[in-house]
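To start, the structure itself, in structure tokens.
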Amino acid sequence: MGDQGFLEQKPGFATIAIHAGTNADKWQSNAVVTPIVTSTTFKQSGPAEYEEFDYSRSGNPTRNALEECLAALDGGKHGLAFASGLGAITTIASLLSRGDHILSCDDVYGGTNRLFSHVLLRLGIEVSFVDFTNVEEIKKGFQKNTKMLWIETPTNPLLKVIDLDVVTKLAKSYNQDIIVVIDNTFLTPYLQRPLDFGVDIVMYSITKYMNGHSDVIMGAAVVNDDDLADRLRFLQKSMGIVPSPMDCYLVSRSLKTLALRMEQHKKSSLIIAKWLHEHPKIVEVLHPGLPTHPQYKISQKQMTGHSGTFSFKHSGDLKESKTFLTSLKVFTLAESLGGYESLAELPSLMTHASVPEEQRTKLGITHSLIRLSVGLEDVDDLIKDLDQALNRAFDLKN
Ligand SMILES: Cc1ncc(COP(=O)(O)O)c(C=O)c1O
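The numbering of the sequence shown is this note's numbering, which starts it at 4 and goes up by one.
Right under this line is the structure:
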């Protein structure tokens, strides 16, 4: 008789549940699609005798498959995946030590600005922000302790384009050991391959175009240099900012359609940018694919086109921005970018609210600056939506 008069439990149930069907040696299937290996640990044939993997924070088959693909897409030797874009930035910044200096372009993603200004500074790493479209400003910005150059191009949200060739050569001629990093989130390797221009580390918020489906937070770094890769891998393992195998699988799947998605983002965003350019209430369209863009020639030299993310300035103020954004029906009012769905946002109050007001005003991130992430919907529907929302914001005919 078992507990309290019930039938007796069959012996070994828990052991069977744990071990039946899970022989570690049998997983050598010929699966065409990358398997999701959730195992955190891997069988060893003797103490400290293991094949490729021992523990999933250090390496995991599903993550490795993704990292290999990430490296190949950028024409790099090594790819590393992290738990978020900011996780990638934190790890890259951890290559530095107390007393070192980062020279960063002035118009970076708000979260990067926050990490640099509030976290790194507290840890004793100095950061200064400079307009990287101005060579003289960059030259003035170098210090004896400058160890890293941080580039975002096109910048967020003002879409300034930085000359990769010029800026990288400038850094290396000042000091060969300066590590040049680019946040390539806006373009992906489909539209820009920074390693070809001498950049040392290409960094991504995979959360955006690379995954493209707004359902994974992840970051990545791609490098060519073996030593730099070893140092980053050591930090990836030591700091533990790694993504889950499930998410790695989702991103691997998303990358299969990256080229198709980017082609459509590129096409639709340019059609919309041209339409906005003609609109009477639009003062300026900041899109690197328009010949009116101040760095149009540089864009053509280093990019194969521009993605779906760009900004525009209208002739109203906060009231008009709010009416416009809340009137949209196909575009969703939300932060982030790079998904299949179109998004619109107000950087001054949303993505870039963490940038100090004085710096925002100086840069031109005003309440009349709207950022769009043009998705994969029919472009005619997107234009109709923008039209009706602008009509409402400015009391025009509908
Ligand atoms: C250009 C850029 N870099 C980095 C990040 C941070 O990435 P994550 O949100 O994946 O941490 C973002 C997020 O919006 C971004 O837009």
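Beta carbons are placed, not taken as given, at the ideal position from N, Cα and C, and that holds for glycine.
CB contact flag (residue i, residue j, <8 Å)
i      : j      : result
THR156 : VAL164 : yes
VAL130 : ILE95  : no
ARG66  : GLY243 : no
LEU76  : PRO192 : yes
HIS282 : LEU162 : no
LYS221 : VAL184 : One detail in the question is off: residue 221 reads as Met in this sequence, not Lys. No, Cβ-Cβ distance for MET221 and VAL184 is not below 8 Å.
GLY342 : SER217 : yes
LEU69  : ALA86  : no
SER357 : GLY88  : no
LEU190 : SER310 : yes
PRO350 : PRO38  : no
ILE386 : ASP166 : no
PHE200 : LYS284 : no
LEU336 : LEU328 : yes
LEU98  : LYS211 : no
Cβ neighbour criterion (16 or more within 10 Å) applied to residue i
i      : result
TRP30  : exposed
PHE132 : buried
GLU338 : exposed
SER48  : exposed
ALA91  : buried
ILE19  : exposed
TYR58  : exposed
HIS22  : exposed
Whole-angstrom C-beta distance between residue j and residue i, which should lie under 8 Å
i      : j      : result
GLY79  : VAL226 : 6 Å
MET213 : SER257 : 7 Å
HIS317 : SER371 : 5 Å
PHE334 : SER324 : Actually they are not in contact, since the Cβ atoms of PHE334 and SER324 sit about 13 Å apart, beyond 8 Å.
ALA223 : ILE204 : With 8 Å as the limit, ALA223 and ILE204 do not qualify as a contact, their Cβ atoms being about 10 Å apart.
Where the alpha helix (DSSP H) through residue i begins and ends
i      : result
VAL382 : 382 to 396
SER176 : 167 to 177
Element boundaries [beta strand (DSSP E), containing residue i]
i      : result
ASP186 : 182 to 186
ALA347 : 346 to 348
TRP153 : 149 to 155
TYR58  : No beta strand (DSSP E) contains TYR58, which DSSP labels as neither H nor E.
GLY82  : 81 to 85
ARG117 : Per DSSP, ARG117 belongs to no beta strand (DSSP E); it is in the alpha helix (DSSP H), 113 to 117.
PHE132 : 129 to 133
As assigned by DSSP and simplified to three states, the class of residue i
i      : result
PHE9   : coil
ALA337 : coil
VAL138 : helix
LYS400 : coil
GLY222 : strand
GLY292 : coil
THR329 : helix
MET306 : coil
LEU73  : helix
MET206 : strand
GLU281 : coil
ILE19  : helix
GLY90  : helix
GLY311 : coil
SER107 : strand
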